[in-house]
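Worksheet: one structure, shown below.
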Amino acid sequence: ADDSGDEEPASQSDKSELHGPLKTLSSKLEDLSTCNDLIAKHGAALQRSLSELENLRLPAESGEKIKAVNERATLFRITSNAMINACRDFLDLAESHSRKWQRLLQHEREQRIRLEETIEQLAKQHNSLERACRGAPGLASATTSSASTAKGSVQSAKGEASDEDEETEYFDAMEDAPAFITVTADPKHHRRSGSNLSGASEGHPEDWNLEDSVFESSNQSSYNESTGKDLLPKKRRRTRIPDKPNYSLNLWSIMKNCIGKELSKIPMPVNFNEPLSMLQRLTEDLEYHELLDKAVKCESSTEQMCFVAAFSVSSYSTTVHRTAKPFNPLLGETFELDRLEELGFRSLCEQVSHHPPAAAHHVYSRRGWTLWQEITIASKFRGKYLSIMPLGAIHLEFHSSGNHYVWRKVTSTVHNIIVGKLWIDQSGEIEIVNHKSKDKCQLKFTPYSYFSRDVPRKVTGVVSDADGKAHYVMSGTWDEKMECSKILHSSHGSTSTEGKQKTVYQTLSPKVLWRKYPLPENAENMYFFSELALTLNEAEERVAPTDSRLRPDQRLMESGRWDEANAEKQRLEEKQRAVRRRREAEAVEALEEGKDYEGYIPLWFERKLICVYKGGYWEAKDKQDWSVCPDIF
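Residue numbers (my numbering): 21 to 653.
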């Protein structure tokens, strides 16, 4: 009777889910009983016939055989009766256990509801205490300790003491970071001084002039709009590719022999691919490069961190519908994206290792930043899902300030590999560190849970300075948008049952830093490519002969000629294996002669702690001198 109205449909559906299998079992049991009756009927007739045969005058040997057959028929009837009884016992057990699990599930639901009601009540008490403190300045010192230890929200008074602010937002705590709750406040009514709460960090509403600063980014338009006066008009690029053919394929026939193997070592037909290579997918991280262009203009390193955090999340927005596998690059394969005159940056990727597969990436922007990374993809097929773990750090440096940011990617998981509709999830934590100022941002990607009431694909985080003082709260989803809220005040609550200390953040209204661009028309038939992704495999002149755009199997697949693409893919992979065998033979020969063997040397990158760009590519492009490039296609 205490359950809210929106809980009832859920419980009804749970009951139907539990009773559905039981009805099926009962139906099957009835079928078995019918079969048992038929066995008994025909068995009795068989025994009568055998008895009649025994009474006939037959040789002694025949009589013994008939007697043996009669005994076996009797045993068969006894066994079938035992089987039916065992099935009835199983059904009774299933019914009793289903009721038990249903009670346990209902108990957990009630516990969750009570906990939420308790937290909400504590938040209201906290608000009442703060309003009382504000209304009676002389009692401030007496009520401070109570207000700072209450679990819940802190919000400014608007004159009403009974109604909770509708803008209140709660954020779940990160597992490895201090737990926190945030609530938006009205800066017009915020009148707290630094002496109100001891040990609390304070901010000033007048500092939140986002409308007049680089934070004014919510009115992003589209990828095709010009972002700078110093840039040339954009070149007209393609806006569609041939529709994806509707070819059927038995997935399990291929996957059953691949469980537990490294994904890069599994021979896969192009049916599971999209017509882009991993190098091109890596370049897609730059789709929202304007976030870094705006970060350059930030005077505060913590503000700049907010944009870097939004940029790190934006790279996952293209993955929400993209469950197909990109092509594994061949060793020495490259991909350039030269948008220096249009968007202010140029990007170069190279496959620098094949086993394990590793790609090096370097981006230079004339807007004042440089990004580089070396990413190794570790992936495992687990039967029901596929885990993709990017290994390696991403480095970002701003030229004028020297701020150097480093972070790593989270784990991507593709679910329902065998049965059901494929869907992808991102989970884990990202810690972004500014190695110059020691500012940090901890972001948590909450994994999807059927029983959670959280928004799917939720991302939350806090930006703090070198002293650990929190300045901004980040919130949003990795497939839609990220917002930033300036912290006015923070206080520490009591310790939770898990031993974590609850922190309450009072913030100003959030500002949208990043919002995903809408997908092009007919995107569902074009592999769900974004506007940028549609242009990545467009043929361009003057690129290196190792560029992914020139890969024949990928081009055939994009054109819809999948059978030819599969044949070409096998040819390229066999060619690469032959090169690898030759290198292994050279290594053995060098070892026998006591010489050092360097192995494969990247073309445009050099190995230090990680592979970094050594220069020369763009100069070679200007001269059209590609003599150092191997014949990989």
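Note that beta-carbon positions come from the ideal geometry of N, C-alpha and C, so glycine has one too. The structure displayed is predicted, hence computed values, not measured ones.
Between W498 and R477, the CB-CB gap stays under 8 Å. In this structure, I59 places its C-beta atom within 8 Å of the C-beta atom of R97. Counting along the chain, the unbroken alpha helix (DSSP H) around C326 starts and ends at S321 to S334. DSSP, read as helix, strand or coil, puts H415 in strand.
Residue nearest to P530 within the set E361, L95 and T480 is T480 (criterion: CA-CA distance). A straight-line Cα-Cα distance of about 36 Å links Q141 and S332.
Here the segment 379 to 389 makes no contact with the segment 399 to 407; the two share fewer than three CB pairs at distances below 8 Å. Runs of the beta strand (DSSP E) lying entirely within the segment 367 to 403 and spanning at least 3 residues, in chain order: 378 to 385 and 389 to 401.
D263 has its alpha-carbon roughly 39 Å from the corresponding atom of I621. Here L111 has L42, L45, S46 and L49 as same chain residues with Cβ atoms under 8 Å from its own Cβ, once five neighbours each way along the sequence are excluded.
Of the candidates T343, V453, A490 and E362, the residue whose Cα lies closest to the Cα of G440 is T343.
Counting C-beta pairs with one atom in each stretch, the segment 639 to 650 and the segment 562 to 572 have three or more that are closer than 8 Å, which means they touch.
For M298, the secondary structure class from DSSP, reduced to helix, strand or coil, is helix. Here the C-alpha atom of L95 lies approximately 38 Å from the C-alpha atom of K120. Here the alpha carbon of I261 sits roughly 11 Å from the alpha carbon of S550. Judged by DSSP in its simplified three-state form, G83 adopts helix.
When the Cα atoms are used, G488 and E307 turn out to be separated by approximately 32 Å.
S495 and F465 have their alpha carbons spaced roughly 10 Å apart. Taking 8 Å as the cut-off, the Cβ atoms of Y617 and A605 do not count as close. V493 is the residue among H509, S511 and V493 whose C-alpha sits nearest the C-alpha of E503. When secondary structure is reduced to three states using DSSP, P467 falls in the coil class, being assigned neither helix nor strand.
With respect to C153, M325 sits apart: the two C-beta atoms are not nearer than 8 Å. Judged by beta-carbon spacing, R386 lies beyond the 8 Å limit of G422, meaning their Cβ atoms are not closer than that value. By the neighbour-count criterion, in which 16 or more other beta carbons inside 10 Å mark a residue as buried, C55 falls on the exposed side. One Cα belongs to V316, the other to P572, and the distance between them is close to 40 Å. For the pair D445 and P467, the CB atoms are nearer than the 8 Å cut-off.
Cβ atoms of I452 and V328 come within 8 Å of each other, at about 6 Å. No residue range can be given for A344, since it is assigned to no alpha helix (DSSP H) and is classified by DSSP as neither H nor E. Taking all protein chains shown into account, P79 has fewer than 16 neighbouring C-beta atoms within 10 Å of its C-beta and is therefore exposed. C-alpha of L416 to C-alpha of V426: approximately 6 Å in a straight line. Its chain contains S407 as the residues whose beta carbon lies nearer than 6 Å to that of K400, once the 5 sequence neighbours on both sides are disregarded; these appear in chain order.
Of the candidates V483, E310, E593 and I630, E310 places its Cα closest to the Cα of S335. By the C-beta criterion, the segment 355 to 372 is judged not to be in contact with the segment 576 to 591, since fewer than 3 inter-stretch pairs fall below 8 Å. DSSP places C649 outside both helix and strand once states are collapsed to three, so it counts as coil.
Spatial neighbours of T259 in its own chain (CB-CB distance under 8 Å, excluding positions within 5 residues in sequence) are listed in chain order as P540, E551 and L554.
Cβ-Cβ distances below 6 Å link A93 to G63, L66 and Q67 in the same chain, with the five nearest sequence neighbours on each side left out; the list follows chain order.
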